[in-house]
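**Student:** Take this structure first; my questions come after.
Protein chains: 2
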Amino acid sequence: MRGAAALAALEAARKPARYLPPGAIVYHQEEPDDVAFNLISGWAMLTQSLPDGRRQVLRFLLPGAVFGPTPQGQALHGSAAEALTPAVLCVIPREGMTALRRHWPEFDDRLMWCIERDAELAAGLLTSIGQRTAIERVAYLLVELAMRALRRFPLRNGDTVALPLTQTVIAEATGLTAVHVNRMLRELRQRQVAIFLQRRLTVLDAAALLALASLPPELPALWTGTSPFSFA
Amino acid sequence: MRGAAALAALEAARKPARYLPPGAIVYHQEEPDDVAFNLISGWAMLTQSLPDGRRQVLRFLLPGAVFGPTPQGQALHGSAAEALTPAVLCVIPREGMTALRRHWPEFDDRLMWCIERDAELAAGLLTSIGQRTAIERVAYLLVELAMRALRRFPLRNGDTVALPLTQTVIAEATGLTAVHVNRMLRELRQRQVAIFLQRRLTVLDAAALLALASLPPELPALWTGTSPFSFA
DNA sequence: CGGTTCATTGATCGTGGTCAACTCGAGTGG
DNA sequence: CCACTCGAGTTGACCACGATCAATGAACCG
Chain A
10 MRGAAALAAL EAARKPARYL PPGAIVYHQE EPDDVAFNLI SGWAMLTQSL
60 PDGRRQVLRF LLPGAVFGPT PQGQALHGSA AEALTPAVLC VIPREGMTAL
110 RRHWPEFDDR LMWCIERDAE LAAGLLTSIG QRTAIERVAY LLVELAMRAL
160 RRFPLRNGDT VALPLTQTVI AEATGLTAVH VNRMLRELRQ RQVAIFLQRR
210 LTVLDAAALL ALASLPPELP ALWTGTSPFS FA
Chain B
10 MRGAAALAAL EAARKPARYL PPGAIVYHQE EPDDVAFNLI SGWAMLTQSL
60 PDGRRQVLRF LLPGAVFGPT PQGQALHGSA AEALTPAVLC VIPREGMTAL
110 RRHWPEFDDR LMWCIERDAE LAAGLLTSIG QRTAIERVAY LLVELAMRAL
160 RRFPLRNGDT VALPLTQTVI AEATGLTAVH VNRMLRELRQ RQVAIFLQRR
210 LTVLDAAALL ALASLPPELP ALWTGTSPFS FA
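Sequence order for the protein chains is A and B.
Here the working numbering is used: the first residue of the first sequence is 10, the next is one more, and so on.
Here the working numbering is used: the first residue of the second sequence is 10, the next is one more, and so on.
Take a look at the structure:
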């Protein structure tokens, strides 16, 4: 809370909020870009598609996420954004962003923090897909999203979280097929590690799940941490 | 070139440059962080390792790259940086970065541009590893690095570039094994698409190579483009 | 020289993809 | 009210892409 003036400036810069149903597209890949979004509530995801239709989930967006702006001077989005649940977005034109950054250093710091954090999230996913086996990838994704949703580390036995993902989406995020994701979820269930059914995750054996995810030690803090900048 | 004053400020903020031989580690994963680096000359890479030693290349750094700063408030690096060639680094402490950002908006813009661009590079790699087959991944990586090194699109038949990569490094960047990378390079050679030997790439059939890489249309501009901000 | 590291190739194996069939709801329209 | 579709999930059978294991050669270097 850096004061009423800052908040007023933000209010002045933003356009009306957007309300989206699940599955709605915020923007398409290759669409021209000139606004930034702030996810107020709900979940969303960024995806990148190849010309032949194969699709990769780049990252999942939880409330508070900032997304949309492309490197300035680049005209087109390199990814698409899609709502996973009913979602509310705050929309800020690029000029508004620039003005806010210039006048409110804390806003600028926070924005940069968000972007750097998102890069680290993507890095973790990259390592997961490049180096882990199928069951490890699924375990990693479930752990990441559970911790981000719960904002807590470590996970405890019995923890339950709603994760608004279909098995197809998990497949697109892990680089597996939906069929194989199904098999891996069944295995986690049969091994009494975790249950993911009807878009709810229940952790049965947190230690086993974390062992499968084999996290680098610095990631949990990143997932559960909040911005050190209090603006907005 | 935003003027002598800005350059002088940068000079004042930076520490002595670092000169590194190939293979030198700039910083380790989980090392505390409080400086940013600017790669003056040479190539380097960022990697992330799992507890059991598996390693993923997150991105390749070419001259001009900015790297090192972690999201503020996070103590530890989530990745390691390693020189691939003899390299010269400009070292700027975090306080210096903050001061420069505050006083020179163009510096701030350029920094944010670099970070956003790097995120897009990582996104492309993520899609590649998640969705492409082995030979496509190798083709994609070669195309990306060739275009970034040449700063030109499209590639032409006969183009030759030095890429300071061992097959092991290509393997770590593509999520394949070094043995399989070797087979894919042989196949590219036998199919008369491209030759990669002794760390030099020669493009024989640019159209075929690009078809294998199946690039989303917005990426080439990103690879060959330079920052719209002229500071420093 | 022995000792690296890097590249190369063959043989074999297994993880994960592909194909196919089926269930189970939640719409939707006759 | 029931047939119909559509998407999500489930399971089995089969196969192939890429991993693994192993051996060898070339270049470089103390």
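A virtual CB, placed ideally from N, CA and C, is assigned to each residue, including glycine.
Kindly indicate which residue of A:Leu48, A:Met54, A:Glu39, A:Ser50 has the alpha-carbon position closest to the one of Arg60 (chain A).
**Tutor:** For this step, residue 60 (chain A) is matched to residue 51 along the first sequence. What sits at residue 60 (chain A) in the sequence shown is Pro, not Arg. With distances taken between Cα atoms, Pro60 (chain A) lies closest to A:Glu39.
**Student:** Compare the C-beta of Met121 (chain A) against all C-beta atoms of chain B and say whether one is closer than 9 Å.
**Tutor:** Here residue 121 (chain A) refers to the residue found at position 112 when the first sequence is read from its first residue. Yes, contact with chain B.
**Student:** Is Arg209 (chain A) helix, strand or coil when you go by DSSP?
**Tutor:** Counting from 1 along the first sequence, the entry for residue 209 (chain A) is found at position 200. Note: Arg209 (chain A) maps to strand in three-state DSSP.
**Student:** Using a beta-carbon distance below 9 Å, is Pro225 (chain B) in contact with chain A?
**Tutor:** As a working mapping, residue 225 (chain B) is identified with position 216 in the second sequence. Yes - at least one Cβ of chain A is within 9 Å of the one on Pro225 (chain B).
**Student:** Taking a contact to mean a Cβ-Cβ separation below 9 Å, would you say Thr233 (chain A) touches Arg119 (chain A) in this structure?
**Tutor:** Start at 1 with the first residue of the first sequence, and residue 233 (chain A) comes out as number 224. Start at 1 with the first residue of the first sequence, and residue 119 (chain A) comes out as number 110. It is not a contact, given that the beta carbons lie outside the stated cut-off.
**Student:** Alpha carbon to alpha carbon, what distance is there between Val202 (chain A) and Leu221 (chain A)?
**Tutor:** As a working note, residue 221 (chain A) is residue 212 in the first sequence. As a working note, residue 202 (chain A) is residue 193 in the first sequence. The straight-line gap from Cα to Cα measures roughly 10 Å.
**Student:** Report the start-end ranges of each beta strand (DSSP E) in the segment 110-175 of chain B that is 3 residues or longer and not cut off at the edges.
**Tutor:** 169-171, all fully within the segment 110-175 of chain B.
**Student:** Which first and last residues belong to the alpha helix (DSSP H) in which Gln199 (chain A) is found?
**Tutor:** In the first sequence, residue 199 (chain A) corresponds to position 190, counting from 1. 187-199 is the extent of the alpha helix (DSSP H) around Gln199 (chain A).
**Student:** Report the three-state DSSP secondary structure of Leu59 (chain B) (helix, strand or coil).
**Tutor:** Position 50 of the second sequence holds residue 59 (chain B). Reduced to three states, the DSSP call for Leu59 (chain B) is coil.
**Student:** Taking CB distances under 9 Å as the criterion, tell me whether Ile204 (chain B) reaches chain A.
**Tutor:** Against the second sequence, residue 204 (chain B) aligns to sequence position 195. It does not; no Cβ of chain A falls within 9 Å.
**Student:** According to DSSP, simplified to helix, strand and coil, what is Ala92 (chain B)?
**Tutor:** Locating residue 92 (chain B) in the second sequence gives position 83, counting from the first residue. Note: Ala92 (chain B) maps to strand in three-state DSSP.
**Student:** Give a yes or no on whether the minimum CB-CB distance between Phe124 (chain B) and chain A is below 9 Å.
**Tutor:** Working through the second sequence from its first residue, we reach residue 124 (chain B) at position 115. In the sequence on display, residue 124 (chain B) carries Ile and not Phe. Interface residue, yes.
**Student:** Round the Cβ separation of Ala53 (chain A) and Leu93 (chain A) to the nearest angstrom and send it over; I've been treating them as touching at under 8 Å.
**Tutor:** Here the question's residue 53 (chain A) lines up with position 44 in the first sequence. Here the question's residue 93 (chain A) lines up with position 84 in the first sequence. Going by Cβ atoms, the distance from Ala53 (chain A) to Leu93 (chain A) rounds to 6 Å, so yes, they are a contact pair.
**Student:** For Arg161 (chain A), which residues in chain B fall below 8 Å Cβ to Cβ?
**Tutor:** Within the first sequence, numbered from 1, the residue matching residue 161 (chain A) stands at position 152. Under the 8 Å cutoff, chain B gives no residues; its nearest Cβ is about 17 Å from Arg161 (chain A).
**Student:** Is it right to say Pro25 (chain B) is buried, meaning 16 or more other beta carbons lie within 10 angstroms of its own, or is it exposed?
**Tutor:** Within the second sequence, the letter at position 16 stands for residue 25 (chain B). Answer is exposed; the Cβ neighbour count stays below 16.
**Student:** State the start and end residues of the unbroken alpha helix (DSSP H) segment that holds Leu228 (chain A).
**Tutor:** Reading the first sequence from its first residue, position 219 is the one you call residue 228 (chain A). Per DSSP, Leu228 (chain A) belongs to the alpha helix (DSSP H) from 228-233.
**Student:** Give me the chain B residues within the contact set of Gln140 (chain A), using Cβ-Cβ distance strictly less than 8 Å, ordered along the chain.
**Tutor:** By 1-based counting over the first sequence, the position of residue 140 (chain A) is 131. Simply Leu59, Arg63, Arg64, Gln65, Gly184.
**Student:** According to the neighbour-count rule (16 or more other Cβ atoms, all chains shown, within 10 Å of its Cβ), is Ala216 (chain A) buried or exposed?
**Tutor:** By one-based count along the first sequence, residue 216 (chain A) stands at place 207. The residue in question, Ala216 (chain A), is exposed, as its Cβ has fewer than 16 Cβ neighbours within 10 Å.
**Student:** Could you please give me the residues that DSSP links to Arg68 (chain A) through a beta bridge?
**Tutor:** Locating residue 68 (chain A) in the first sequence gives position 59, counting from the first residue. DSSP, once it has assigned bridges, lists A:Leu55 as partnering Arg68 (chain A).
**Student:** Given a cut-off of 9 Å, decide if Arg157 (chain A) and Leu71 (chain A) are closer than it, judged by their beta-carbon atoms.
**Tutor:** In the first sequence, counting from the first residue as 1, residue 71 (chain A) sits at position 62. In the first sequence, counting from the first residue as 1, residue 157 (chain A) sits at position 148. Yes, the pair counts as a contact, with Cβ atoms nearer than the cut-off.
**Student:** Measuring only between beta-carbons, confirm whether Thr79 (chain B) sits less than 9 Å from chain A.
**Tutor:** Here residue 79 (chain B) is taken as the residue at index 70 of the second sequence, counted from 1. At least one chain A Cβ lies under 9 Å of Thr79 (chain B).
**Student:** For chain A, is any of its Cβ atoms less than 9 Å away from the one on Leu228 (chain B)?
**Tutor:** Taking the second sequence and counting its residues from 1, one reaches residue 228 (chain B) at position 219. It does; some Cβ of chain A falls within 9 Å.
**Student:** Rounded to the nearest angstrom, how far is the Cβ of Gly73 (chain A) from that of Val44 (chain A), given a contact under 8 Å?
**Tutor:** The residue you call residue 73 (chain A) lines up with position 64 of the first sequence. The residue you call residue 44 (chain A) lines up with position 35 of the first sequence. About 17 Å; that fails the 8 Å criterion.
**Student:** Using 8 Å as the threshold, is the segment 142-149 of chain A in touch with the segment 101-115 of chain A, meaning 3 or more CB pairs across them?
**Tutor:** The segment 142-149 of chain A, when compared against the segment 101-115 of chain A, does not touch it at the 8 Å Cβ threshold.
**Student:** Following the continuous alpha helix (DSSP H) through Leu218 (chain B), name the residue where it begins and the one where it ends.
**Tutor:** Position 209 of the second sequence holds residue 218 (chain B). Here the alpha helix (DSSP H) through Leu218 (chain B) covers 215-222.
**Student:** From the DSSP output, in three-state form, read off Ala33 (chain B) for me.
**Tutor:** Counted from its first residue, the second sequence places residue 33 (chain B) at position 24. Three-state result, Ala33 (chain B): coil.
**Student:** From A:Thr136, A:Ile49, A:Met193, A:Phe69, pick the residue whose C-alpha is nearest to that of Ser58 (chain B); which is it?
**Tutor:** Here residue 58 (chain B) corresponds to residue number 49 of the second sequence, with the count starting at 1. Residue A:Thr136 is the option with its Cα nearest to Ser58 (chain B).
**Student:** With distances taken between CB atoms, is the gap from Leu55 (chain B) to Val66 (chain B) smaller than 9 Å?
**Tutor:** Indexing the second sequence from 1 puts residue 55 (chain B) at position 46. Indexing the second sequence from 1 puts residue 66 (chain B) at position 57. Yes, Cβ-Cβ distance for Leu55 (chain B) and Val66 (chain B) is below 9 Å.
**Student:** Is there a C-beta anywhere in chain B that falls below 9 Å from the one on Ala216 (chain A)?
**Tutor:** Residue mapping note: residue 216 (chain A) aligns to position 207 of the first sequence, counting from 1. Not an interface residue.
**Student:** In the structure shown, what three-state DSSP assignment does Arg103 (chain A) receive?
**Tutor:** Locating residue 103 (chain A) in the first sequence gives position 94, counting from the first residue. DSSP places Arg103 (chain A) in helix when its eight states are reduced to three.
**Student:** Would you list the residues sitting across from Ala244 (chain A) in a DSSP beta bridge?
**Tutor:** Missing from the structure shown is residue 244 (chain A); chain A here goes from 10 to 241 and no further.
**Student:** Kindly confirm or deny that the segment 223-232 of chain A and the segment 146-156 of chain A touch, where touching means at least three C-beta pairs closer than 8 Å.
**Tutor:** Touching, per the Cβ criterion.
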